Structure formats: C-alpha cells, structure tokens
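The number in the working numbering is simply the position in the sequence shown, starting from 1, with 17 added. Scroll down for the structure; my scribbles are underneath it.
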Amino acid sequence: MHGLTAHKQVERRTWATGDYDAMMRTEGLYAVGARLVDAVGVHPGETVLDVACGTGNATIPAAQAGGQVTGVDLTPELLEVAGQRATRAGVEIALREGDAEQLPFDDGHFEVVVSSFGSMFAPRHEVVADELVRVLAPGGRLGVASWTPDGAMGEFFRAAAPHLPTPPAFVDPPLGWGQETYVQELFEGTGVPLRFAREHWTITHPSVAAAVECYTTLFGPLTTGRQLAEDEGRWPAFEADLTALFEGLDTTDGREVTFPAEYLLVLGTKDRS
Ligand SMILES: C[S@@+](CC[C@H](N)C(=O)[O-])C[C@H]1O[C@@H](n2cnc3c(N)ncnc32)[C@H](O)[C@@H]1O
C-alpha cells in the first residue's frame with residue numbers, strides 16, 4: 018500500500034496548488050453545494066458529515082440549514098479556507114483532516130452524509146462508498162454530487178487527461194461516480210437503495226483565454242499539470258487543446274464562454290435493520 022500512501026501525499030499537494038476558492042467563485046459553483054444540501058434535506062440539529070469538503074461547498078449551507086456539521090478533507094490548506102468562509106457566513110462547523118477511504122469517525126455517527134465533487138476524486142471508489150455507508154446512522158440520508166462523463170465537465174477532464182501525469186493503476190476513474198449503473202454497483206449490498214437525478218449548472222467565463230487561465234492557474238490538478246508541462250515544453254499543446262475545448266463548448270458565439278456542466282445527484286436512505 019506504499020503506492021497508495023504516496024499517491025495521497027501527491028493528491029494533498031495537488032489540491033493545495035492554485036486557488037480552489039477563487040475558481041469556485043468564478044464558476045459560481047458554491048450554489049451546487051447548497052443545491053445538494055437542499056436535495057438531501059438537512060434539519061436543525063441533525064449531525065452532518067461532508068466528505069472531501071474542500072473549501073466548504075456543502076459544509077456551510079448544511080450548517081446554515083441548522084445541521085451540526087463536520088467537514089473532512091485530505092487537504093489542510095482547503096480546510097483552512099473552509100473555516101474562514103464559515104466565519105464570514107456566521108456559522109460554526111467542525112473541520113477535520115482525514116481520508117475518505119478511512120473516515121476518522123465511528124460507525125453510524127451521522128444522520129446525514131454528503132459529498133460534493135469529492136468522493137469521485139478519492140482513488141478506490143468501493144472503499145469510499147463503504148465508508149460513507151459505515152458512518153451513516155440507520156435511517157440516515159446520503160447525498161453525493163459528481164460530474165458526469167457525458168456533460169461539459171466530462172469533455173473538460175478528457176481534454177486535460179493526456180497532458181496530466183498518468184494516475185496509478187489503483188485509481189478508479191473519477192467520472193464513474195457520474196454514471197448511474199457504476200454508482201449502483203458501488204452500493205450493491207450496502208443497504209442503501211439509491212435514486213438519481215441529472216442536473217446542470219451553467220458556467221460562464223469572460224473569454225476562451227480567461228477559461229484556460231482560470232483552470233490552469235486556480236484548479237489544483239491542472240495548475241500542477243501546467244507547471245509540469247511548462248517545465249517539459251509541452252504547455253503550447255496543452256493550451257491549444259484546452260482552447261479548442263472551450264471554443265467547442267461555448268454556446269454564445271465567442272462573446273463569452275458559457276457551457277452547461279452536468280452533474281449526477283445520488284440520493285439514498287440507509288435501511289434501519
Ligand atoms: C473538486 S474538490 C471538491 C471540494 C468540495 N467538496 C467542493 O464541492 O468544492 C475535491 C476534494 O477532494 C479532496 N480529496 C481528494 N482525495 C481525497 C481523499 N482520499 N480523502 C478526502 N478528501 C480527498 C481534495 O482535497 C479536494 O478538496
């Protein structure tokens with residue numbers, strides 16, 4: 018498992034690179050964390066865990082809904098930003114450094130467990146699904162949001178992948194969490210019947226160049242990839258592929274770059290027996 022430990026150290030550094038919070042604000046994506054919380058339904062006083070919470074996309078709205086919320090993430094730098102955002106929002110949240118594959122909580126500890134664009138980026142998806150279910154109380158509710166392979170974000174990750182370091186063989190494909198049949202299999206036999214909904218969030222950037230710049234200077238995985246590509250003289254090809262991608266996705270004839278990003282909402286309730 019040495020490779021796994023080393024991989025997680027690399028991931029932690031990667032997600033701390035760039036400025037994730039600035040990217041989220043540019044994309045308006047904090048609205049999707051609120052949407053996930055709304056879809057799963059958080060009631061005052063309920064215990065809530067946000068897995069791979071990053072800068073608090075779902076953590077903060079869950080606390081605003083009255084939940085006693087804990088956010089857990091691999092990357093301390095992002096947890097620090099989550100704490101600052103919570104203070105500005107006037108809510109209290111507990112934050113904990115930890116791994117989605119080995120959650121540092123007792124069995125059945127939470128009435129609600131959510132993950133927005135988080136579980137998909139942990140390497141072994143069955144291990145993560147089992148952990149989400151383990152910490153969920155009987156009768157507790159689960160809500161997960163993930164990018165689908167079919168939407169604009171799917172195209173985005175496919176365009177970037179050839180320019181990024183090849184992930185180790187034990188890393189499951191992140192976009193799997195965006196496919197109903199794949200997720201159904203992950204939760205087979207866990208006692209959490211699932212329902213699914215595909216939804217969209219429209220992302221706008223002022224121009225194609227601004228979109229390329231946003232993702233390659235703010236989003237950790239691509240920022241790291243760009244730095245490596247620049248060092249190795251591969252950046253022009255990487256930049257050209259991203260430029261072509263955003264030109265193709267754009268629905269506004271170049272005045273700005275606007276595209277609908279599709280995500281899969283997975284909702285479920287854990288059996289009581
Ligand atoms: C795309 S961000 C999503 C963050 C946040 N949930 C949101 O909706 O903005 C992916 C997050 O997964 C975290 N992450 C990646 N692998 C992880 C793991 N094995 N355990 C916990 N967090 C992990 C990263 O640190 C990062 O915060």
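Where a beta carbon is used, it is the ideal one built from N, C-alpha and C, also for glycine. The structure presented is a predicted model; accordingly, all values stated were derived computationally and were not measured.
Check your understanding: Among E264, R243, G250, G206, which has the Cα closest to the Cα of A226?
Key -> E264
### Task
Can you tell me the Cβ-Cβ gap for V49 and S133, rounded? I've got them flagged as a contact below 8 Å.
6 Å
- Closest to L91 by CA distance: which of I77, Q101, A75, Q119 is it? The shortest C-alpha separation from L91 is found at Q119.
inquiry  = Strictly by DSSP, which residues pair up with H217?
reply    = E279
Next on the checklist: Using a Cβ-based criterion (distance less than 6 Å to any ligand heavy atom), does C231 qualify as near ligand 1?
Outcome noted: no
Q) Nearest-angstrom Cα distance between E109 and V89? A) 14 Å
Checklist line | W164: first and last residue of the uninterrupted beta strand (DSSP E) it sits in | finding: 153-164
Open item on the list: Taking 8 Å as the cut-off, does the stretch 49-68 touch the stretch 79-88 (at least 3 CB pairs, one atom from each stretch)?
Closed with: yes
field: CB contact flag (L159, V130, <7 Å)
entry: Contact: yes.
- Can A69 and A169 be called in contact, C-beta distance under 7 Å? no
Proximity to N74 [Cα-Cα], best of W194, A103, F138: A103
Can you give me the start and stop residues for the alpha helix (DSSP H) that Q119 sits inside? Per DSSP, Q119 belongs to no alpha helix (DSSP H) and is neither H nor E.
- Starting from the C-beta of V145, find all residues in its chain whose C-beta is less than 7 Å away, skip the five residues before and the five after it, and write them out in chain order. A117, E118, S136, A139
Worksheet item: Should A23 go down as buried or exposed, given a rule of 16 or more other Cβ atoms within 10 Å for buried?
Response: exposed
Quiz item: So is D288 buried or exposed if we call it buried at 16+ other beta carbons inside 10 Å?
Solution: exposed
Requested in this report: Measure the alpha-carbon distance for L284 versus A257 and round it to whole angstroms.
Outcome: 38 Å
Helix, strand or coil at V209 according to DSSP, with G and I counted as helix: Residue state, collapsed to three classes: coil.
Is the CB-CB distance between P210 and G20 below 7 Å? For P210 and G20, no; Cβs fall outside 7 Å.
Does the Cβ-Cβ distance between H126 and V152 come in under 7 Å? yes
- Query: How far does the beta strand (DSSP E) with G88 in it reach, from first residue to last?
  - Reply: 85-90
* To do: Measure the C-alpha to C-alpha separation of A111 and R52 and round it to an integer number of angstroms.
  => Their backbone Cα atoms lie some 21 Å apart in a straight line.
* Thinking C-alpha only, which one of E197, G208, Q201, Y232 is nearest F173? -> Of the listed residues, the one whose Cα sits closest to F173 is Y232.
Distance, P78 Cα to W32 Cα: 22 Å
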